[in-house]
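Contents: one structure, followed by commentary.
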Amino acid sequence: MVHRKELKETIIDSLQQCPQSLFVFDEVDMIPPGLLNVLVPFLEYGEPQIWYMGRRINIETNRAIFIFLSNTGSQEIVETLHNLWQDGRKREDTRLSDFEDLISRGAFNEKGGFHKSDTISTSLIDHYVPFLPLEAEHVIKCIKTAFISHGRQPTNQQIENVMRHVTFSEPVGIFAKAGCKRIEQKVAHTMYTRS
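Numbering of the sequence shown is given in the UniProt record's numbering, commencing with residue 1 and proceeding in unit increments.
And the structure:
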């Protein structure tokens, strides 16, 4: 488990070596609450002075990029997208503004790395981008891509065989519950199994 001190030192070392560092935090919803508060000085605007190894140092942070990946708000995203769909809006017609506030609220209120965090309460995150759930047409594209990566062109029957393993969320069954996860394995199974 990474502790605040280790995380802070890793960020400082990386920024000193490369001010244009890219930091990706995956599964933020699984990170202990409060840990990401150590990032506040690095996300603030301007050039922060940070206490490091017994002295204050200036460190350039404005060229660094921080990306936080999370399942936070996923149920609310599905519900919002479903409501928009019922209103006649296609997935392609949705806007970031349709989801940003609910993701921000979800990240702040749900258990996980941003629960009641200073990072959100002080508005240090510039954009909240949703991972929209995939529909059947998107999953079919994943299936075709997986077959092609194996040097094969799939038949309609093979695509249907793989699609039988895909479950869709209730009540209307539009969105694939697991997206394209496990599609590669299902394609491999379909390719090497006789129907």
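Just so it is clear, CB atoms sit at the ideal spot from N, CA and C, and this is done for glycine as well.
Segment contact, 8 Å Cβ cut-off, at least three pairs: the region 137 to 145 with the region 98 to 109: No, the region 137 to 145 is not in contact with the region 98 to 109.
- request: Can you give me the start and stop residues for the alpha helix (DSSP H) that Val172 sits inside?
  value: Start at 1 with the first residue of the sequence shown, and residue 172 comes out as number 172. For Val172, no alpha helix (DSSP H) segment is defined, and its DSSP state is neither H nor E.
field: 6 Å CB neighbourhood of Leu43 in its chain, flanking five on each side removed
entry: Along the sequence shown, read from residue 1 onward, the residue named residue 43 stands at position 43. Contacts found: Leu124.
query: Between the region 113 to 129 and the region 25 to 45, do three or more beta carbon pairs fall short of 8 Å?
result: Touching, yes.
query: What residue from Asp13, Met191 and Met30 has the CA that sits closest to Ile59's CA?
result: The sequence position of residue 59 within the sequence shown is 59, counting from 1. Considering only alpha carbons, the answer is Asp13.
- request: Just tell me which of Thr155, Arg55 and Ile50 has its CA closest to the CA of Lys8.
  value: If you number the sequence shown from 1, residue 8 lands on position 8. For the residues Thr155, Arg55 and Ile50, the minimum Cα distance to Lys8 belongs to Ile50.
query: What does Trp51 pair with, by DSSP beta-bridge criteria?
result: Taking the first residue of the sequence shown as position 1, residue 51 is located at position 51. Answer by DSSP bridge pairing, in chain order: Arg56.
- request: Out of Asp126, Thr122, Gln75 and Val162, state which residue places its alpha-carbon closest to the alpha-carbon of Glu110.
  value: Residue 110 sits at position 110 when you count from the first residue of the sequence shown. Out of Asp126, Thr122, Gln75 and Val162, Gln75 has the C-alpha closest to the C-alpha of Glu110.
query: Does DSSP put Glu27 in a helix, in a strand, or in coil?
result: Residue mapping note: residue 27 aligns to position 27 of the sequence shown, counting from 1. Looking at Glu27 - three-state DSSP - the assignment turns out to be coil, as it is neither helix nor strand.
message: Using the three-state DSSP reduction, which class does Glu44 fall into: helix, strand or coil?
response: Here residue 44 corresponds to residue number 44 of the sequence shown, with the count starting at 1. The answer is coil: DSSP assigns Glu44 none of H, G, I, E or B.
message: Taking DSSP's pairing of strands, which residues face Glu135 in a bridge?
response: Here residue 135 is taken as the residue at index 135 of the sequence shown, counted from 1. Bridge partners of Glu135: Phe175.
query: Count the other CB atoms within 10 Å of the CB of Leu96; is the residue buried (16 or more) or exposed (fewer)?
result: Reading the sequence shown from its first residue, position 96 is the one you call residue 96. Exposed is the call here.
query: Does the region 152 to 161 come close enough to the region 169 to 179 that 3 or more CB-CB pairs lie under 8 Å?
result: With a cut-off of 8 Å, the region 152 to 161 and the region 169 to 179 do not count as touching, because too few Cβ pairs lie within range.
Leu22 - DSSP class collapsed to helix/strand/coil: Working through the sequence shown from its first residue, we reach residue 22 at position 22. Strand, per DSSP.
- request: Pick helix, strand or coil for Phe68, following the three-state DSSP scheme.
  value: Taking the first residue of the sequence shown as 1, we reach residue 68 at position 68. Here Phe68 sits in strand by DSSP.
- request: Identify which residue in Val24, Gly179, Met53 and Arg4 has its Cα closest to the Cα of Glu137.
  value: Counting from 1 along the sequence shown, the entry for residue 137 is found at position 137. Comparing Cα positions, the closest option is Gly179.
task: Tell me whether the beta-carbon of Val162 lies closer than 7 Å to the beta-carbon of Lys181.
output: Counted from its first residue, the sequence shown places residue 162 at position 162. Counted from its first residue, the sequence shown places residue 181 at position 181. No. Outside cutoff.
field: Residues near His165 by beta carbon distance below 6 Å, same chain, minus five either side
entry: The count along the sequence shown starts at 1 and reaches residue 165 at position 165. Correct list, in chain order: Lys186.
- prompt: Is the closest heavy atom of the ligand NAD to the C-beta of Lys144 under 6 Å?
  reply: Annotation note on the ligand NAD: not contained in the displayed structure, which lists no ligands.
Counted within 10 angstroms of its Cβ, other Cβ atoms place Ile11 as buried (16 or more) or exposed: Walking along the sequence shown from the start, residue 11 turns up at place 11. Flag for Ile11 reads buried.
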